[in-house]
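**Q** Below is one structure. I have some questions about it.
Number of protein chains: 2
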Amino acid sequence: MNVLPPNLSEARFRQALGELGAIVGRAQVLEAVDILAGYADPFAPGPQQQRFMTSAVVLPASVDEIREILRVARAYQLPLWPVSTGRNFAYGGAAPRLSGSVVVDLKRMNRVLEINESLAYALVEPGVTYFDLYAYLREHGLKLWIDPAAAGWGSVTGNALERGFGYTPYGDHAAMQCGMEVVLANGDVVRTGMGGIEIGTTWQLYKPGFGPSYDPMFMQSNFGIVTKLGIALMPRPAAYLLAQARFSHESDLETIVEILRPFKLDETIRGHAVIEGAVRFAASIGPRTQWYEGSGPMPEAAIAAMIKRLGIGHWNLRFGLYGASEVIEAQYAIVQRAFSRVRGAEIEARRYAGDAEPVAGGDRNMAGIPTMSAFRMLDWRGGSGAHVDFSPICPFTGRDAMRQYLVAKTRMTEYGFDYYGGFTAGTRYLHHIVATIFNRDDAQQTDAASDLLRVLISDARAAGYGEYRVHLAYMDFVAAQYDFNNGALLRLSETIKDALDPDGILAPGKSGIWPRAWRSYRGYT
Amino acid sequence: MNVLPPNLSEARFRQALGELGAIVGRAQVLEAVDILAGYADPFAPGPQQQRFMTSAVVLPASVDEIREILRVARAYQLPLWPVSTGRNFAYGGAAPRLSGSVVVDLKRMNRVLEINESLAYALVEPGVTYFDLYAYLREHGLKLWIDPAAAGWGSVTGNALERGFGYTPYGDHAAMQCGMEVVLANGDVVRTGMGGIEIGTTWQLYKPGFGPSYDPMFMQSNFGIVTKLGIALMPRPAAYLLAQARFSHESDLETIVEILRPFKLDETIRGHAVIEGAVRFAASIGPRTQWYEGSGPMPEAAIAAMIKRLGIGHWNLRFGLYGASEVIEAQYAIVQRAFSRVRGAEIEARRYAGDAEPVAGGDRNMAGIPTMSAFRMLDWRGGSGAHVDFSPICPFTGRDAMRQYLVAKTRMTEYGFDYYGGFTAGTRYLHHIVATIFNRDDAQQTDAASDLLRVLISDARAAGYGEYRVHLAYMDFVAAQYDFNNGALLRLSETIKDALDPDGILAPGKSGIWPRAWRSYRGYT
Chain U
116 MNVLPPNLSE
126 ARFRQALGEL
136 GAIVGRAQVL
146 EAVDILAGYA
156 DPFAPGPQQQ
166 RFMTSAVVLP
176 ASVDEIREIL
186 RVARAYQLPL
196 WPVSTGRNFA
206 YGGAAPRLSG
216 SVVVDLKRMN
226 RVLEINESLA
236 YALVEPGVTY
246 FDLYAYLREH
256 GLKLWIDPAA
266 AGWGSVTGNA
276 LERGFGYTPY
286 GDHAAMQCGM
296 EVVLANGDVV
306 RTGMGGIEIG
316 TTWQLYKPGF
326 GPSYDPMFMQ
336 SNFGIVTKLG
346 IALMPRPAAY
356 LLAQARFSHE
366 SDLETIVEIL
376 RPFKLDETIR
386 GHAVIEGAVR
396 FAASIGPRTQ
406 WYEGSGPMPE
416 AAIAAMIKRL
426 GIGHWNLRFG
436 LYGASEVIEA
446 QYAIVQRAFS
456 RVRGAEIEAR
466 RYAGDAEPVA
476 GGDRNMAGIP
486 TMSAFRMLDW
496 RGGSGAHVDF
506 SPICPFTGRD
516 AMRQYLVAKT
526 RMTEYGFDYY
536 GGFTAGTRYL
546 HHIVATIFNR
556 DDAQQTDAAS
566 DLLRVLISDA
576 RAAGYGEYRV
586 HLAYMDFVAA
596 QYDFNNGALL
606 RLSETIKDAL
616 DPDGILAPGK
626 SGIWPRAWRS
636 YRGYT
Chain R
116 MNVLPPNLSE
126 ARFRQALGEL
136 GAIVGRAQVL
146 EAVDILAGYA
156 DPFAPGPQQQ
166 RFMTSAVVLP
176 ASVDEIREIL
186 RVARAYQLPL
196 WPVSTGRNFA
206 YGGAAPRLSG
216 SVVVDLKRMN
226 RVLEINESLA
236 YALVEPGVTY
246 FDLYAYLREH
256 GLKLWIDPAA
266 AGWGSVTGNA
276 LERGFGYTPY
286 GDHAAMQCGM
296 EVVLANGDVV
306 RTGMGGIEIG
316 TTWQLYKPGF
326 GPSYDPMFMQ
336 SNFGIVTKLG
346 IALMPRPAAY
356 LLAQARFSHE
366 SDLETIVEIL
376 RPFKLDETIR
386 GHAVIEGAVR
396 FAASIGPRTQ
406 WYEGSGPMPE
416 AAIAAMIKRL
426 GIGHWNLRFG
436 LYGASEVIEA
446 QYAIVQRAFS
456 RVRGAEIEAR
466 RYAGDAEPVA
476 GGDRNMAGIP
486 TMSAFRMLDW
496 RGGSGAHVDF
506 SPICPFTGRD
516 AMRQYLVAKT
526 RMTEYGFDYY
536 GGFTAGTRYL
546 HHIVATIFNR
556 DDAQQTDAAS
566 DLLRVLISDA
576 RAAGYGEYRV
586 HLAYMDFVAA
596 QYDFNNGALL
606 RLSETIKDAL
616 DPDGILAPGK
626 SGIWPRAWRS
636 YRGYT
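Going down the list, the sequences are from chains U and R.
So the first sequence is numbered by the working numbering: it starts at 116 and just counts up by one.
So the second sequence is numbered by the working numbering: it starts at 116 and just counts up by one.
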């Protein structure tokens, strides 16, 4: 027996599904247990049971069908959980925050609606993946790059809405978004920014529009269903250079960050440079057993031996330079000089013509080519590999990076995990991404991962850091950390939520925002 | 006798002012006719009379005082019009959309709250002007640049909130904003983004925060009073190069734009390059009478003669390159080569060390130094010079730029004005700014300017273009142009407005957004 929406009897629920089937076609309403299991989060930390389970899935094919689905949902007060393609792995996948919600899977809406080569943008539907968009550009011979997220199967729309990021100068996906179409809970269809101009010319060119601007309000949000999204694409550069630097000492992190910051601030390095820890690098190559057979965290000696054997650094910096050869060579000379001053550092670069494609997985992402190599990490601990991510924002200073690293490492060791992490460089902040890799077949390890995440988030908050994104299981916990003036930010969100969605049908609990009708569910998992 | 709020008797109004005086001190409530005249818009197009007149001014000194003012305003349903310093010239200055509103002037709240040199940002109160912030940086010997708006007396906060722009790589002021404190109509104090973390570390470093993000919703908006604003500052570059190119032919505009676009897209040129028409260049030097004594628009022959005498171009491109000498020289060589291919083009550059300051006004703005030279243009037509701006967003293509230019020029000639305009380069759009310069002492010219603006806005809309910002007199007109799905965007704004400000006290009519209580005033000026 499937889980039901908490507020509906089975009879009422069946009646609602019948109405949904009449809208999208019976075949586009999914109820089979094994299919619904595919919408559960395969990486969920802690006990599974009935947490984050969908009661059914509905797959609309158009904006009109979405509007009709919303009409039914309002009539039944049926909670919906919209996903673009549901690949939000490590943060919940396709699973809903409130068990019993009906997943609205938008993957059938997968048209590339527009590509403009000279103005370098795309307008896509939510079902378009990085692989799809990349293939489209290649097929049409367009000299444009995408910036893929770590896993190429993800939705361009979904990733931008969750504020995911990649590796090229267009790596900040939320910032690169320009123009949205959103269906509100009441069925009203809004186009943001210049999209307000019907038959206009600048929807994907100028984001703010006239008056208040709303795009970021629909990110990590439950205020509407985004049905079209504009995304900037990078003109294929004349040339590019991918650099890799290895640093020998754990304590080098501080220096690396301090050297890197001015280059990000003055845009010598425009791409999203990444500082990877040794375990993260090693996990992209193979499982842990070849380095260590024990069950707890790898001892320092084993890590040191692994680093030596792999010829990698304790910290590994990767960055790309993109543009005219003479400019990027001048930039590289400056950057190389700066990092070479670090004792024991080695730096090297591979040079490519703009139309050349690297072979190695990591380099491919930095050249705008989607891959699936990110998931190799799942084999690190063996068994049914899963991971859940701790993702605090770190000020772009060596001291803060070192502090976040040491606290995380200490806690991870305490809970039996290796520090698997890295820092991706924004301009004034670092995305510190720490993955707790665990074997889902091991109940003890799964529980420990769950507990560890909570502790890591608490530690971060105590030091003045906050998460940028979090798994379903911790959304209320993190939202409560944004506590200035007794939670004024969440109060604002819920005021807007109630105004836009008085029936509380859209994604109750997303980002800790509960509509009035479901507010008593806060904190409950 | 001053104008009154339309919903209050004089007795009630006096009572409300009494309460406001008790909060801020009697001396900080201004009612004298001559002082209130200073809050009127000196550049208002069309008939003056009682349009856009304030009933009184209140000057709070703190967030607590603002909260108290809001309490009184809610009790009396007193409409307020908050301004940072009220220098929003060409778009209304300090004047309120709804006559009789009480201006809340935040100029006394003028503290620089924080500067971080290594992370390169400032946190300021709304009363801090570009001159103030520049002086602060110099006094403290900080190696940071500001990006001033055209007029240095403007508020850093106010300009960012109105989405103004400057000339350096930090020229997009709204994009450079990071973190706000906002007082909502109900008195609740919200900090956006990472500011939700009390005693946090990343409020001015990472804009989105966790969950929906609201900063752009408080821009060109009447949803709250912004009391603190974070703004990114540019680390002083090692060197910079200011280039100027002259183009001989009117039709060169198309080519200039096409050559410039790839350089903006690939960030060879990171600054806000500007393409200025001949009249705009000439008006920055002296009044029109030296070139033409007639009363209507300057004939082509007079413009041609002026261009020749001044040694300027029909179009004049200015841009800066900022960074390490070897990088900017490589970049300049590429750019120079490209523009030199245009027949008759001349391009030259002035080179500066990072700590050197240019002497000429235009160059100073491009080097992050605030000036007041922008107002020289007011003398162009003589008399009491005023201007009101037509500010459509233009797609970054030569064809669109040429179309916008020709339509504007034709209409301006028809209404008796010179085409005074230019294009400031974003990445995928151009800010086309056209100033209608008129002599306020000349009623016929003032009326013509008023009519012309409406026609220009209509013409633009018919071709699929929309305004990014507009004078009070046209806010409803422009908001109505954003008509997709029967005005869904404005419907969304007014739904949020009513949820956040049910009493309708904050800036009724701003950007065409009217709270429920004042909705019948839409379109009324």
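Glycine included, each C-beta is placed from N, C-alpha and C at the ideal position.
Remember, it's a predicted structure, so these values are computed and weren't measured experimentally.
In whole angstroms, what separates the C-alpha of W683 of chain U from that of I628 of chain U?
**A** The structure shown has nothing for residue 683 of chain U, since chain U only spans 116 to 640.
**Q** Distance check for F454 of chain R and A419 of chain R, CA to CA, integer angstroms please.
**A** Residue mapping note: residue 419 of chain R aligns to position 304 of the second sequence, counting from 1. Residue mapping note: residue 454 of chain R aligns to position 339 of the second sequence, counting from 1. So the two alpha carbons sit approximately 22 Å from each other.
**Q** Given this structure, state the Cα-to-Cα distance separating F338 of chain U from K612 of chain U, to the nearest angstrom.
**A** Translated into positions along the first sequence, residue 338 of chain U becomes position 223. Translated into positions along the first sequence, residue 612 of chain U becomes position 497. Each residue's Cα considered, the two are about 6 Å apart.
**Q** Once you ignore the five residues that flank V372 of chain U on each side, which residues in its own chain have a CB closer than 6 Å to its CB?
**A** One-based indexing of the first sequence puts residue 372 of chain U at position 257. G513 and A516.
**Q** Given a cut-off of 8 Å on the beta-carbon distance, is the pair R385 of chain U and W495 of chain U in contact?
**A** Within the first sequence, residue 385 of chain U is the residue found at index 270, counting from 1. Within the first sequence, residue 495 of chain U is the residue found at index 380, counting from 1. Cβ distance not < 8 Å, so R385 of chain U and W495 of chain U don't count as in contact.
**Q** In terms of residues, what are the limits of the beta strand (DSSP E) holding F338 of chain U?
**A** What you label residue 338 of chain U is simply residue 223 of the first sequence in a count that begins at 1. No beta strand (DSSP E) contains F338 of chain U, which DSSP labels as neither H nor E.
**Q** Can you give me the C-alpha to C-alpha distance between L228 of chain R and G602 of chain U, rounded to a whole angstrom?
**A** As a position in the second sequence, residue 228 of chain R is number 113, starting the count at 1. As a position in the first sequence, residue 602 of chain U is number 487, starting the count at 1. Each residue's Cα considered, the two are about 23 Å apart.
**Q** Please confirm whether E134 of chain U and A171 of chain U have their CB atoms less than 8 Å apart.
**A** Translated into positions along the first sequence, residue 134 of chain U becomes position 19. Translated into positions along the first sequence, residue 171 of chain U becomes position 56. No, they are not a contact pair.
**Q** Hey, which unbroken runs of the alpha helix (DSSP H) at 4 residues or more fall wholly within the region 125-177 of chain U?
**A** 125-139 and 148-152
**Q** A445 of chain R and A445 of chain U: beta carbons closer than 8 Å?
**A** Along the second sequence, read from residue 1 onward, the residue named residue 445 of chain R stands at position 330. Along the first sequence, read from residue 1 onward, the residue named residue 445 of chain U stands at position 330. Going by C-beta atoms, A445 of chain R is nearer than 8 Å to A445 of chain U.
**Q** Taking 8 Å as the cut-off, decide whether the C-beta atoms of L348 of chain U and L259 of chain U are in contact.
**A** One-based indexing of the first sequence puts residue 348 of chain U at position 233. One-based indexing of the first sequence puts residue 259 of chain U at position 144. Yes. Within cutoff.
**Q** So for V457 of chain U, helix, strand or coil by DSSP?
**A** Start at 1 with the first residue of the first sequence, and residue 457 of chain U comes out as number 342. The answer is coil: DSSP assigns V457 of chain U none of H, G, I, E or B.
**Q** Residues of the region 326-343 of chain U with a CB closer than 8 Å to any CB of chain R: list them in chain order, please.
**A** So the close ones are G326, P327, S328, Y329, D330, P331, M332, F333, M334, Q335, S336 and F338.
**Q** Is F424 of chain R buried or exposed, if buried means 16 or more other CB atoms sit within 10 Å of its CB?
**A** If you number the second sequence from 1, residue 424 of chain R lands on position 309. Checking the displayed sequence, the identity of residue 424 of chain R turns out to be Arg instead of Phe. Counting Cβ neighbours within 10 Å, R424 of chain R comes out exposed, since fewer than 16 surround it.
**Q** So if DSSP puts F204 of chain U in a beta bridge, which residue, or which two residues, is it bridged to?
**A** Taking the first sequence and counting its residues from 1, the one referred to as residue 204 of chain U is at position 89. Answer is none; F204 of chain U lacks a bridge partner.
**Q** Taking the straight line between their C-alpha atoms, what separation do you get for L320 of chain R and G579 of chain U?
**A** Here the question's residue 320 of chain R lines up with position 205 in the second sequence. Here the question's residue 579 of chain U lines up with position 464 in the first sequence. So the two alpha carbons sit approximately 13 Å from each other.
**Q** If you reduce the DSSP assignment to three classes, tell me which class P350 of chain R lands in.
**A** Residue numbering aside, residue 350 of chain R sits at position 235 when the second sequence is read from its first letter. Strand at P350 of chain R.
**Q** Along the alpha helix (DSSP H) that carries M481 of chain U, what are the first and last residues, could you check?
**A** Here residue 481 of chain U is taken as the residue at index 366 of the first sequence, counted from 1. Element bounds for M481 of chain U: G476 to M481.
**Q** In the region 205-284 of chain R, which residue ranges form an unbroken alpha helix (DSSP H) of at least 4 residues, counting only runs that do not cross its ends?
**A** 245-254 and 271-276
**Q** For a test of the three-state rule: what should DSSP assign to E180 of chain U, helix, strand or coil?
**A** Numbered from its first residue, the first sequence carries residue 180 of chain U at position 65. For E180 of chain U, the secondary structure class from DSSP, reduced to helix, strand or coil, is helix.
**Q** So with Cβ pairs under 8 Å, would you call P510 of chain R a contact of chain U?
**A** Mapped onto the second sequence, residue 510 of chain R falls at position 395. By this cut-off, P510 of chain R is an interface position.
**Q** Using a Cβ distance threshold of 8 Å, determine whether the region 379-398 of chain U contacts the region 215-225 of chain U, with at least three qualifying pairs required.
**A** no
**Q** With distances taken from CA atoms, which of U:G536, U:D303, U:G308 and U:V341 is nearest A397 of chain U?
**A** Position 282 of the first sequence, counted from the start, is the residue given in the question as residue 397 of chain U. It is U:G536.
**Q** How is the alpha helix (DSSP H) around R526 of chain U delimited, first residue to last?
**A** In the first sequence, residue 526 of chain U corresponds to position 411, counting from 1. Looking at the DSSP string, the run of the alpha helix (DSSP H) that includes R526 of chain U is G513 to E529.
**Q** Please check if any C-beta of chain R sits within less than 8 Å of the C-beta of G310 of chain U.
**A** Position 195 of the first sequence holds residue 310 of chain U. Yes, contact with chain R.
**Q** Which residues in chain R have a C-beta closer than 9 Å to the C-beta of T169 of chain U? List them in chain order.
**A** Here residue 169 of chain U corresponds to residue number 54 of the first sequence, with the count starting at 1. Simply none; closest approach about 22 Å.
**Q** Relative to the C-alpha of P162 of chain R, which residue among R:L119, R:T316 and R:D556 is closest?
**A** Counting from 1 along the second sequence, the entry for residue 162 of chain R is found at position 47. When each option's Cα is compared against that of P162 of chain R, the closest is R:D556.
**Q** Please report the straight-line C-alpha distance between L109 of chain R and P194 of chain R, rounded to a whole angstrom.
**A** Look at the range of chain R in this structure, 116 to 640, and you will see that residue 109 of chain R is not part of it.
**Q** So, is R659 of chain U buried or exposed, given that buried needs 16 or more other C-beta atoms within 10 angstroms?
**A** Coverage of chain U is limited to positions 116 through 640, which leaves residue 659 of chain U absent and any answer about it impossible.
**Q** Determine which residues share a DSSP beta bridge with H387 of chain U and list them.
**A** Reading the first sequence from its first residue, position 272 is the one you call residue 387 of chain U. According to DSSP, H387 of chain U bridges with nothing at all.
**Q** Of all the CB atoms in chain U, is at least one closer than 8 Å to the CB of Q559 of chain R?
**A** Start at 1 with the first residue of the second sequence, and residue 559 of chain R comes out as number 444. With 8 Å as the cut-off, Q559 of chain R does not count as an interface residue toward chain U.
**Q** Counting along the chain, where does the beta strand (DSSP E) carrying E296 of chain R start and finish?
**A** Locating residue 296 of chain R in the second sequence gives position 181, where the first residue counts as 1. Here the beta strand (DSSP E) through E296 of chain R covers Q292 to V298.
**Q** Are the C-beta of N203 of chain R and some C-beta of chain U separated by less than 8 Å?
**A** Here the question's residue 203 of chain R lines up with position 88 in the second sequence. No, N203 of chain R lies away from the interface with chain U (no Cβ there is under 8 Å from its Cβ).
**Q** Could you pull the DSSP bridge partners for P121 of chain U from this structure?
**A** By 1-based counting over the first sequence, the position of residue 121 of chain U is 6. According to DSSP, which records beta bridges pairwise, P121 of chain U is partnered with nothing at all.
**Q** Is it true that the CB of G207 of chain U sits closer than 8 Å to the CB of L587 of chain U?
**A** Taking the first residue of the first sequence as position 1, residue 587 of chain U is located at position 472. Taking the first residue of the first sequence as position 1, residue 207 of chain U is located at position 92. Contact flag set, yes.
**Q** Report the neighbours of S626 of chain R on chain A: residues whose CB is nearer than 8 Å to its CB, in chain order.
**A** No chain A appears in this structure, whose protein chains are U and R.
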